[in-house]
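In the numbering used here, the protein residues as written are 7 to 299.
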């Protein structure tokens, strides 16, 4: 149930029960924003949604295409001053009934995540945490090498963080890859997705690619731990906090045969970094404490 206290009953009911277009229409009416002003406010927030698209959405003539529209719907929630994930939770995630989302047994899921035709030489991740202490985005850049001929894709894993509906997370590709359509749900609730290369790699050939996941978590993040189904060369993780909201303590952690727990410090820029070389553990990353308790 969403924290809809203080909202008009009709809007609170629509946000709880849907449908999406009715909730959006009620929210726009409640805020008294003409569509032109709403579009301008979204532009100022850094998200462009055409006025005609907003009109179609609130009349139910079209629905946001998920997960591509995740960022746009999150921006609507912010501009309309709605509870986090209240609109997003009303939209059916991509693949729910399309046959493109597959639940896998644990053994099969882990086998796919090993990306057997690739060696990960280096991974650099930048996690952005907003003023609400919520994980908002994860930028990943990888250097891989073909361990055999024929590798043309990478299966990436995005874990759930707190109360986010991870299946709604949007993937934006950078250099060296494009988004595939396959989405697989693991036994732990995480979602894996394909990143397709523009060619098949030869054995020994290196390739660099990057992607960003726009997160949908709403709870206070506890940090970021990356799973490593197979060993990797090196891993650099950076958490970028809002300068006005910094955690009390940060720790570099490794989980595997041995547990490593080391305190980290961050600078005035609000960035904390942890480096791992080589990576031979199950999970590695940074955990954060927001209070001294």
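A virtual CB, placed ideally from N, CA and C, is assigned to each residue, including glycine.
In the structure shown, what three-state DSSP assignment does residue i receive?
i	result
residue 218	strand
residue 19	helix
residue 249	coil
residue 27	helix
residue 120	coil
residue 211	coil
residue 151	strand
residue 83	helix
residue 293	strand
residue 54	coil
residue 69	coil
residue 46	helix
residue 223	coil
residue 239	strand
residue 75	coil
residue 33	helix
residue 129	strand
residue 93	coil
residue 39	coil
residue 145	strand
residue 5	With the chain represented from 7 up to 299, any question about residue 5 goes unanswered, as that position is not in the structure.
When you compare only the Cα positions, how much space is there between residue i and residue j?
i	j	result
residue 159	residue 237	18 Å
residue 8	residue 222	At residue 8, the pLDDT of 43 sits below 50, so the modelled position is not reliable; the number obtained from the coordinates is stated separately. Roughly 14 Å separates the two Cα atoms.
residue 272	residue 259	16 Å
residue 19	residue 84	19 Å
residue 213	residue 179	15 Å
residue 134	residue 143	5 Å
residue 186	residue 220	16 Å
residue 261	residue 82	38 Å
residue 140	residue 226	5 Å
residue 206	residue 183	12 Å
residue 87	residue 266	42 Å
residue 298	residue 270	15 Å
residue 240	residue 119	18 Å
residue 54	residue 30	17 Å
residue 117	residue 131	23 Å
residue 66	residue 218	30 Å
residue 56	residue 200	29 Å
residue 161	residue 283	22 Å
residue 70	residue 45	15 Å
Have a look at the DSSP bridge pairing and note the partners of residue i.
i	result
residue 62	DSSP lists no partner for residue 62.
residue 185	201
residue 229	293
residue 283	Note: residue 283 sits in no beta bridge, so no partner.
residue 163	198
residue 257	269, 293
residue 157	207
residue 134	143, 246
If you compare alpha carbons, which of the options is closest to residue i?
i	options	result
residue 95	199, 14, 224	224
residue 296	228, 268, 282	228
residue 275	241, 177, 249	249
residue 12	64, 59, 52, 89	89
residue 14	32, 28, 27, 26	32
residue 157	208, 175, 147	208
residue 97	117, 202, 64, 129	64
residue 197	215, 211, 165	165
residue 279	268, 242, 199	242
residue 23	37, 57, 66, 92	92
residue 264	256, 285, 277	285
residue 257	246, 293, 27	293
residue 76	25, 49, 246, 176	176
Report whether the distance from the Cβ of residue i to the nearest heavy atom of the ligand COA is below 7 Å.
i	result
residue 265	In the structure on display, the ligand COA does not appear, and there are no ligands present to speak of.
Using 8 Å as the threshold, is the segment 285 to 294 in touch with the segment 229 to 238, meaning 3 or more CB pairs across them? yes
Any 3 or more C-beta pairs closer than 8 Å across the segment 118 to 128 and the segment 138 to 154: A contact exists between the segment 118 to 128 and the segment 138 to 154.
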